[in-house]
DNA sequence: CTAGGGTTAG
């Protein structure tokens, strides 16, 4: 059970293992070691700074060079230090090489090795194994091959660990032929590490079947899989059934190993089976941060925010330090939940305290979280402060702006991304085209689609065509939208027909609407959207008989209309409202507030648009129904429950109707409030009588 | 010498 935590993680902060690393010498332990080993002539310089490890001086101790700088990373002047060292020997060279490698300072390790080689100093199996690993990490097949010939010259190629390192290096640099040749040549000397290395290599190159074959062959040849083997073979989820492997693991007792249990639980999560994953998690003996993070991410992936946050609380209570992956997962869980932004903010604060807020995956998760919670300014704040950015950072910001209808800003970010020569992918263009859709930039949207295909050679997916159809539909260019449907290399799915249908409703195209409605109903007979939209259209056109038929069809097929819900957060609590809801304790006050508003709205010249009511009732009733739409109840409550001037944040499970949109614009003026409404499609920022969507949604 | 966890859209 020991020795399974000794591998160095990607980042210094990312595992408890790192804290047990003998090289992470705190000031106290260093002094002790110096004292015990009788090294007196050495000077240690302490520097007071607010970081944990204030030692900055270089120390030559027991044949090991240590230079601990800020954050305990070995960063500067290593060669200079090396010159001062009196004739470093082979062991000292290897020590430093391992130190670099373990810290992921591969470039430094490589220069050290090249220096050693230039000076003709001796090397041994440790030196060569270590530098081969470094070449693999850097994907440097040129130096890798040079080292290979050095292995042959020295005869060390016959050594198992050197041979295995060669296999690893060639696998990582994608040289499958040489790898296989080496592996066959190692027939007599190979051990289970060699097998594991081969299997891992195949998996990382996406060759699942080869990996599984080798896994079987390994057992046939009498090598027993160990915890390395199991933890890696479980990532071949499409080729291996976790249930099957689980049975083998139970027999061998490896399920209590953190690495194996983590891989297993993750395999269950990927099958969508969190319950099974949770059972596996429970059985892990000593859960390390990777295991905790995997379980947390599992809950996040199935949308169980509460579960994810509970796991975070438990690991913190057990004194386990969250790392950047833990934060990015929990923040992502907050982004997906319906709860208040406050929850996400708390984890943001925690990540700052842990000095992990600048980690790429954390800051990108924050951008998305703030954007999805309606706080686009904070999203941009985080984005601006990102020291380095990757594809995901840029995509997150573009999509964020797109969802908020800030089409121009989304495109600005996109152009900045272009100027920085960033690589782009399909998701980038989904964001860009969506931005054009919400901004009504039809031609630009089509142009970006063409650029994506012609200049970036990205194959358009279903989603891209969906975006195009959306682009044209929203602009009322329904013929163009149908043209796309007819020319694209996919059959139109339910989502596309729903888009067309909704656009037909807005642009009053009953004929195409019928067609789209029928398609949608045939694809998803249990989805209420088609029935509701169609009957809506019939109602708007005054075709009450047709509408009654739709109603009947719904009853026959037992399709239930989704109820309109809105919710609002006040002081960390979420209050939800159904249309016509009377259940709230403040109900009476809410309705009198609505009364008062309706008088003031009329004085401001408001005329209710009763086209948005689908029931066959008289106009007076229609007005009453409109005025009790769930978002209005939530807004009335928000106005009562918060001090003047505080912005209101509303979330709605359906799209905002045209009449409510008009009313909310007016309310933002007469009540002097900023109101943000997130519907199923986008964000609406109402301010001083207008909306960020420019009445285009 | 070999291993397990995360993020972007719809």
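In our numbering, the protein residues as written are 3 to 699.
Backbone N, C-alpha and C fix where the C-beta goes; we use that ideal spot for every residue, glycine too.
Source: prediction; values computed, not measured.
- Following the DSSP letters along the chain, one finds residue 471 inside the alpha helix (DSSP H) bounded by residues 464–476.
- Here DSSP, grouped into helix, strand and coil, assigns residue 571 to strand.
- Shown here, residue 680 sits in a strand according to DSSP, grouped into three states.
- One thing to note: residue 244 has its Cβ within 9 Å of the Cβ of residue 269.
- Judged by DSSP in its simplified three-state form, residue 181 adopts helix.
- Put simply, the backbone Cα of residue 449 is about 42 Å away from that of residue 546.
- Secondary-structure assignment with DSSP links residue 303 through no beta bridge to anything.
- Assigned with DSSP and collapsed to three states, residue 666 falls in helix.
- In this chain, residue 286 is not harboured by any beta strand (DSSP E), its DSSP state being neither H nor E.
- By the C-beta density criterion, residue 510 is exposed, having fewer than 16 other C-beta atoms within 10 angstroms.
- Around the Cβ of residue 382, a 10 Å sphere holds 16 or more other Cβ atoms; the residue is buried.
- With fewer than 16 other CB atoms across the displayed protein chains lying within 10 angstroms of its CB, residue 312 is exposed.
- Bounds of the beta strand (DSSP E) holding residue 685 are 685–689.
- A residue is called buried once 16 or more other Cβ atoms fall within 10 Å of its Cβ, and residue 287, having fewer, is exposed.
- Cβ contact annotation for residue 365 (same chain, cutoff 6 Å, sequence separation greater than five): 384, 388, in chain order.
- Looking at the DSSP output, residue 653 sits in a beta bridge with 569, 680.
- If you check the CB distance, residue 471 and residue 453 do not come in under 9 Å.
- The criterion of a C-beta distance shorter than 9 Å is satisfied by residue 198 and residue 231.
- Residue 474 and residue 587 have their C-alpha atoms some 45 Å from each other.
- Counting along the chain, residue 458 sits inside no alpha helix (DSSP H), nor does DSSP assign it H or E at all.
- If you check the CB distance, residue 127 and residue 170 do not come in under 9 Å.
- Comparing alpha-carbon positions, the option among 570, 561, 627, 641 lying closest to residue 591 turns out to be 641.
- Sixteen is the threshold: since fewer than 16 other Cβ atoms of the shown chains lie within 10 Å of the Cβ of residue 211, the residue is exposed.
- At a Cβ-Cβ threshold of 9 Å, residue 309 and residue 283 do not count as neighbours.
- About 5 Å separates the CB atoms of residue 103 and residue 111; that is less than 8 Å, so the two are in contact.
- Taking C-beta atoms as the reference points, residue 483 and residue 460 fail to come closer than 9 Å.
- Looking from the CA of residue 147, the closest CA among 172, 464, 248 belongs to 172.
- Taking a 10 Å sphere around the C-beta of residue 646, we find fewer than 16 other C-beta atoms and assign the residue as exposed.
- The alpha carbon of residue 551 has as its nearest neighbour, out of 435, 153, 537, the alpha carbon of 537.
- Residue 320: not part of any alpha helix (DSSP H); DSSP gives it neither H nor E.
- Residue pairing of residue 576 in beta bridges, as defined by DSSP: 571.
- Nearest neighbour of residue 320 by Cα position, chosen from 334, 290, 333, turns out to be 290.
- Exclusion of the five residues before and after residue 441 leaves 409 as the residues of its chain whose Cβ lies within less than 6 Å of its Cβ.
- Assignment of residue 693 by DSSP, reduced to helix, strand and coil, places it in the strand class.
- Rounded to the nearest whole angstrom, the C-alpha separation of residue 91 and residue 100 is 14 Å.
- Here residue 568 has 579, 632, 633, 636, 652, 654 as same chain residues with Cβ atoms under 6 Å from its own Cβ, once five neighbours each way along the sequence are excluded.
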